[in-house]
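Residue numbers (the numbering used here), protein chains in the order written: chain A, 4 to 272; chain B, 4 to 272; chain C, 17 to 320; chain D, 17 to 320. Backbone N, C-alpha and C define an ideal beta-carbon position, used for all residues, glycine too. Structure first, then comments.
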Ligand SMILES: Cc1cc2nc3c(=O)[nH]c(=O)nc-3n(C[C@H](O)[C@H](O)[C@H](O)COP(=O)(O)OP(=O)(O)OC[C@H]3O[C@@H](n4cnc5c(N)ncnc54)[C@H](O)[C@@H]3O)c2cc1C
Ligand SMILES: Cc1cc2nc3c(=O)[nH]c(=O)nc-3n(C[C@H](O)[C@H](O)[C@H](O)COP(=O)(O)OP(=O)(O)OC[C@H]3O[C@@H](n4cnc5c(N)ncnc54)[C@H](O)[C@@H]3O)c2cc1C
Ligand SMILES: Cc1cc2nc3c(=O)[nH]c(=O)nc-3n(C[C@H](O)[C@H](O)[C@H](O)COP(=O)(O)O)c2cc1C
Ligand SMILES: Cc1cc2nc3c(=O)[nH]c(=O)nc-3n(C[C@H](O)[C@H](O)[C@H](O)COP(=O)(O)O)c2cc1C
Ligand code: FES
Ligand code: FES
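Spelled out as structure tokens, the structure:
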């Protein structure tokens with residue numbers, strides 16, 4: 004495949020090299036890929052489309068995965084093995100080439116704020132690590148908190164990485180770690196005064212977070228998922244509904260190009 | 004997949020383990036699989052149907068490969084990387100499970116003969132190693148000769164293995180090793196008197212060998228290929244035309260079940 | 017909890033909805049090492065014609081993306097030898113046997129059905145109407161509603177066995193054909209037969225199949241098959257048997273949710289010869305785990 | 017040796033036979049980082065209707081075995097805004113632009129074609145007739161030869177641009193529709209549009225697409241597409257544009273051997289956004305290496 008650069012949005016079709024691909028938790032893997040062009044352009048909240056097969060046509064489509072970490076010219080992908088694409092990914096050996104398309108989409112906006120609060124649930128924690136690192140670097144004097152939720156303790160992954168960035172508070176559905184209950188309750192209790200919220204995770208969690216943010220008048224950015232074919236605005240497949248638009252051609256936005264990060268008020272969660 | 008045994012024809016659906024999978028020549032690989040049930044039942048000239056993917060549906064069908072070698076509970080497959088199935092096979096790592104169906108088909112008949120002559124061309128050499136070993140064991144006092152042909156020297160593979168069984172004569176199209184020319188010429192020149200011929204390779208080569216055998220009144224067994232879907236007589240896909248049959252339901256035989264080894268006079272080559 | 021896996025095709029009750037598709041399961045015996053045949057709902061044998069047929073010249077099969085093309089050309093021993101040579105063995109298998117028939121003319125179908133009507137231990141007749149009608153210039157019976165109805169009438173008139181009409185997907189409106197054969201007396205319909213396809217070998221510049229075109233089967237066609245089963249199940253009252261790319265339990269459940277009373281496993285038998293048997297037990301487990309008491313609860317349960 | 021990659025669609029000459037398919041290449045600009053657009057034969061833009069359309073509710077796409085289903089619902093900005101907002105950008109791309117149109121009625125098609133007839137730098141009109149005819153109770157224009165012919169006549173009457181009629185594969189006899197639109201004045205036909213398919217999420221018991229059914233595309237459908245191109249190329253004298261699952265140079269060659277004058281790359285753009293551009297040079301190389309002087313030697317060259 005040709006390696007070329009998008010003048011418009013600066014994304015690349017890059018054949019990276021798998022540096023590591025390891026299991027890091029129940030059904031969860033972390034893949035590190037050497038990909039100098041994509042890493043140089045990446046912003047927190049953006050994603051890549053990963054080709055999980057070579058030569059074969061099933062699975063057919065690339066898989067969207069958030070950029071979890073950037074380490075010089077290497078990027079980290081944190082992914083849960085849920086179906087045939089991710090199963091194949093988990094079996095890929097080191098040193099093998101892998102085709103990535105990215106960085107794609109609009110990531111998080113990092114504006115000045117007294118308190119940056121990152122709220123993640125499940126695999127939604129993936130994009131928050133890189134986000135936290137970038138806020139720390141761009142706004143070294145502003146407070147950062149990380150709130151992570153999971154069903155159970157064993158699903159809370161790579162905590163040290165997050166703790167290296169900012170103080171982390173935990174919530175689990177079964178109480179096996181941190182607060183017993185939802186990460187939303189943690190947010191309601193822990194964060195007072197002005198704050199900016201960044202959230203990624205299961206839809207009900209993000210709905211709860213966005214509702215609280217609206218109530219408390221916090222700016223809130225949500226990172227969405229949708230089934231994607233192209234990842235670059237060509238297929239119009241990855242729709243979410245805009246808030247407050249009539250039944251016309253403005254009714255929908257596209258997660259891959261207009262997102263994946265949106266202002267919570269912009270879309271119907 | 005269930006592991007079960009055919010009462011009728013003694014073949015198995017067995018999940019073997021890849022012991023080794025190495026490149027042995029230009030585009031050619033050898034895979035060793037631990038598969039105790041199939042190896043225990045295998046006869047020279049039989050083949051296995053190999054599942055090259057797991058979970059994915061492309062490539063869809065199993066791939067037929069001859070049994071090249073049997074070493075206790077391990078079998079060797081010698082294969083050329085020609086398309087997407089064999090490309091995927093060549094990338095399979097050691098220790099990985101692999102599903103095999105076999106041993107399938109009717110192999111070579113080893114009857115008493117003053118001179119057993121094994122004539123192979125290209126990857127058609129694959130089944131001849133195991134055949135030679137079996138003849139050596141079953142008929143230790145009878146003469147064996149192995150005649151191998153290839154386009155060029157680098158395509159003559161694993162010669163030591165064949166030489167360990169019997170004297171080997173070579174022919175190459177470009178004269179880079181052995182006789183300059185076809186293996187058929189070698190056969191015409193080298194073999195005098197009574198002999199039994201076993202041949203596997205490109206169709207024109209087998210036609211030449213079979214024609215010479217007919218002329219000299221040598222019994223001749225040919226090993227054929229055909230595109231296969233099931234490998235076990237269920238799809239009726241792998242047809243070759245019988246010699247001397249009218250246009251009725253006896254017109255065709257099936258390579259997977261009636262073959263792959265036939266008496267040369269039985270079919271139209 | 018004992019779940020009830022039984023389903024009914026007219027008066028015929030199957031132990032479970034798992035059948036094997038015509039032309040993909042030999043005469044059953046090839047699969048005996050891998051499948052407890054007596055556990056299956058039924059097996060459908062390779063299509064039988066009035067006279068023996070040699071089938072097409074090779075190559076007869078070619079792989080495509082997640083599918084395969086076949087042009088076997090309906091090779092078979094003919095009804096006479098089927099009855100004398102194959103039926104005894106089939107009876108011994110301990111599984112309901114459906115005989116698939118095909119003809120070049122209405123009379124062929126009628127005579128085939130009449131010959132088989134008197135043979136014990138044939139559970140049902142499946143009528144392949146995707147064959148070209150020789151008398152009508154080669155147009156397939158299955159692509160014309162009136163012709164399909166006439167074949168159905170001809171067969172139903174001479175047999176009291178359940179008659180399953182196997183529908184071709186190569187039509188503009190499959191529900192029209194389904195309604196026509198229902199009105200003509202069919203006990204059930206099965207679908208889909210293969211989609212017509214082609215492949216060319218660019219090295220030789222020739223079609224990859226000697227017959228030029230062939231029938232496309234396998235996972236590639238599943239979405240089309242599922243759509244047609246859904247449409248037909250809403251258009252007719254008789255049972256629908258779903259076929260097309262079924263390769264795992266989830267596929268079986270999808271087809272039943274779409275409206276199928278039973279399913280047939282085809283091409284997937286080639287990849288995993290043990291599949292059909294495995295699906296029988298997986299299906300019972302699934303019913304139990306999903307809290308259903310009976311297989312019939314699944315049929316047509318998709319919520320749209 | 018300079019090989020001649022040019023092909024002709026009526027009076028319109030394309031630099032080479034590689035086009036991109038409607039709905040799979042955005043408005044071209046998305047692919048600019050990966051493809052030298054000026055090297056392509058042409059691009060076909062997403063279908064345009066008379067009025068803006070929001071498209072269907074999500075989910076709109078789902079992957080299937082070697083394919084995908086889409087139910088985008090023809091989301092587009094409408095012809096007015098297409099002309100004012102998109103045409104300037106498209107002109108700047110330096111590649112012939114084909115505009116794909118769709119309507120709910122004959123009048124829609126006529127008006128769309130008339131509006132576009134006067135716009136410079138539109139190389140051709142491609143007419144998507146796989147849309148339901150609202151006035152005729154939702155039956156697709158493309159599944160009825162007479163209706164397809166009337167759409168063709170309506171469009172041809174109001175434009176002097178080449179008119180390409182895009183055929184639906186969901187029909188009993190695609191050659192009948194092709195002959196009808198040829199007789200009605202079409203410059204060329206393109207095929208295939210998507211096959212209708214469906215998928216069900218067994219966990220929720222609901223269809224995977226909000227729209228219930230969608231269009232199947234990708235490598236899975238290639239054998240069906242190739243067969244239809246072969247059939248249509250033998251049935252009509254106008255050029256045929258081949259579409260369906262084309263993913264590599266060998267696929268391009270197969271379609272041209274089957275009778276296609278040009279091809280369109282669809283779903284494969286999503287997997288490899290650089291593909292269409294790469295095929296342009298691979299195609300020229302192939303012609304040269306295979307000892308052909310001109311692309312036209314390939315068209316319909318399959319030997320049967
Ligand atoms: C912008 C974006 C960023 C993402 N980032 C991450 C990440 O960092 N880590 C991670 O583990 N996952 C992430 N996902 C989800 C990931 O793309 C899917 O889990 C993956 O594509 C599943 O592929 P598969 O072949 O294994 O599963 P499939 O076999 O395709 O599907 C298995 C199951 O997963 C569901 N599924 C498939 N694709 C999606 C999807 N796009 N969204 C939601 N559910 C889906 C299916 O409905 C099915 O139930 C992201 C998705 C998007 C859109
Ligand atoms: C009984 C039998 C025994 C065989 N033993 C061996 C063996 O020991 N070693 C070995 O290297 N090969 C052997 N073959 C051939 C081998 O099966 C094919 O090379 C292999 O299936 C190709 O798979 P692929 O996916 O890589 O190629 P594909 O992508 O499927 O095809 C690539 C090319 O190979 C051709 N091809 C595919 N399948 C066959 C086939 N069955 N026969 C002939 N040509 C084919 C195709 O037409 C195409 O041109 C045997 C075949 C049979 C029938
Ligand atoms: C090799 C082969 C042979 C077939 N022979 C017949 C046949 O004789 N009669 C018939 O009605 N269908 C026949 N079919 C069609 C299948 O029964 C089934 O309808 C079709 O393959 C779709 O199901 P699948 O995708 O699960 O294979 C055959 C299919 C294949 C692959
Ligand atoms: C996401 C998507 C959107 C499409 N939109 C249109 C469209 O607007 N108009 C049209 O005529 N065809 C449309 N098509 C059909 C394609 O142009 C093409 O005919 C079809 O996908 C088959 O080709 P392929 O298998 O190469 O994708 C669309 C296809 C896809 C996958
Ligand atoms: S995934 Fe194609 S437009 Fe978003
Ligand atoms: S491969 Fe199926 S019968 Fe031989």
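Check	Outcome
In the DSSP assignment, what residue or residues form a beta bridge with residue 203 (chain C)?	None, per the DSSP bridge assignment.
Determine the extent of the beta strand (DSSP E) in which residue 106 (chain A) is found, giving its start and end residues.	100-107
Consider the C-beta atom of residue 241 (chain B) and the heavy atoms of ligand 6; say whether any pair is separated by less than 6 Å.	yes
Let me see if you follow: with CB-CB separation under 7 Å, is residue 144 (chain B) close to chain D or not?	no
Using 8 Å as the Cβ pair cut-off and three pairs as the minimum, do the region 268-287 of chain C and the region 30-48 of chain C touch?	yes
Where does residue 297 (chain C) sit, in a helix, a strand or coil, going by DSSP?	helix
Given 6 Å as the limit, tell me if residue 102 (chain C) has its C-beta closer than that to any heavy atom belonging to ligand 3.	no
Return yes when the Cβ of residue 63 (chain D) is within less than 7 Å of the Cβ of residue 91 (chain D), no when it is not.	no
Per DSSP, what kind of secondary structure is residue 7 (chain A) in: helix, strand or coil?	With a pLDDT of 41 at residue 7 (chain A), under the threshold of 50, the predicted position of this residue should be treated as unreliable, and no value is reported.
Got a sec: does ligand 1 put a non-hydrogen atom nearer than 6 Å to the Cβ of residue 27 (chain A)?	no
Any heavy atom of ligand 3 inside 6 Å of the beta-carbon of residue 215 (chain C)?	no
In the DSSP assignment, what residue or residues form a beta bridge with residue 310 (chain B)?	The question about residue 310 (chain B) has no answer, for chain B in this structure spans 4 to 272.
Classify residue 97 (chain B): buried if its beta carbon has 16 or more other beta carbons within 10 angstroms, exposed otherwise.	exposed
Tell me whether residue 231 (chain A) counts as near ligand 7, meaning its Cβ is closer than 6 Å to at least one heavy atom of that ligand.	With respect to ligand 7, the structure shown offers nothing to examine, as its ligands consist of ligand 1, ligand 2, ligand 3, ligand 4, ligand 5 and ligand 6.
Does DSSP classify residue 52 (chain B) as helix, strand or coil?	strand
Determine the chain A residues that contact residue 322 (chain D) at a beta-carbon separation under 8 Å, and present them in chain order.	Any property of residue 322 (chain D) remains undetermined from this structure, which presents chain D solely from 17 to 320.
Closer than 7 Å, Cβ to Cβ, to anything on chain A: give me those residues from the region 67-101 of chain C, in chain order.	81 and 82
In the DSSP assignment, the beta strand (DSSP E) including residue 265 (chain A) goes from what residue to what residue?	264-266
Please work out which residues of its chain come closer than 6 Å, Cβ to Cβ, to residue 111 (chain C), disregarding the five sequence neighbours upstream and downstream, and give them in chain order.	53, 54, 56 and 59
To the nearest angstrom, report how far apart residue 227 (chain D) and residue 213 (chain D) are at their CA atoms.	11 Å
Step through the CB atoms of chain B and report whether any lies within less than 7 Å of the CB of residue 211 (chain A).	no
Please list the partners that residue 89 (chain B) has in chain D, where partner means a Cβ-to-Cβ separation under 9 Å.	Going along chain D, no residue has its Cβ under 9 Å from residue 89 (chain B), so there is no contact; the nearest lies around 17 Å.
Say whether chain C places a C-beta atom closer than 7 Å to the C-beta of residue 60 (chain B).	yes
For residue 237 (chain C), I'd like the list of residues in its chain whose CB is within less than 6 Å of its CB, leaving aside the five on either flank, ordered along the chain.	211, 260 and 261
Going by the DSSP bridge assignment, what does residue 28 (chain D) pair with across the sheet?	D:25
Might you give, ordered along the chain, the residues of its own chain that have their beta carbon closer than 6 Å to the beta carbon of residue 315 (chain C), omitting 5 neighbours on each side?	272 and 277
Quick one: does residue 206 (chain A) have its CB under 7 Å from some CB of chain D?	no
Counting only Cβ-Cβ distances shorter than 9 Å, please list the residues of the region 286-309 of chain C near chain B, keeping chain order.	286, 287, 288, 289, 290, 291, 293 and 294
Which chain A residues are close to residue 96 (chain B), counting only those with a beta carbon under 8 Å from its beta carbon?	96
Within its chain, find whatever has a CB closer than 7 Å to the CB of residue 30 (chain B); leave out the 5 residues flanking it on each side and keep chain order.	83 and 84
Just curious, the alpha helix (DSSP H) that residue 91 (chain A) is in, first and last residue?	87-93
Answer yes or no: does any C-beta atom of chain C fall closer than 7 Å to that of residue 232 (chain D)?	yes
Could you name the residues of chain C that residue 246 (chain D) contacts, counting a contact when the two beta carbons are closer than 7 Å?	214
With 7 Å as the threshold, decide whether the Cβ of residue 242 (chain C) is near any Cβ in chain D.	yes
Could you tell me which whole beta strand (DSSP E) segments of length 3 or greater appear in the region 246-317 of chain C?	256-259 and 278-281
If we ignore side chains and look at the alpha-carbon of each, how far apart do residue 182 (chain C) and residue 206 (chain B) end up?	40 Å
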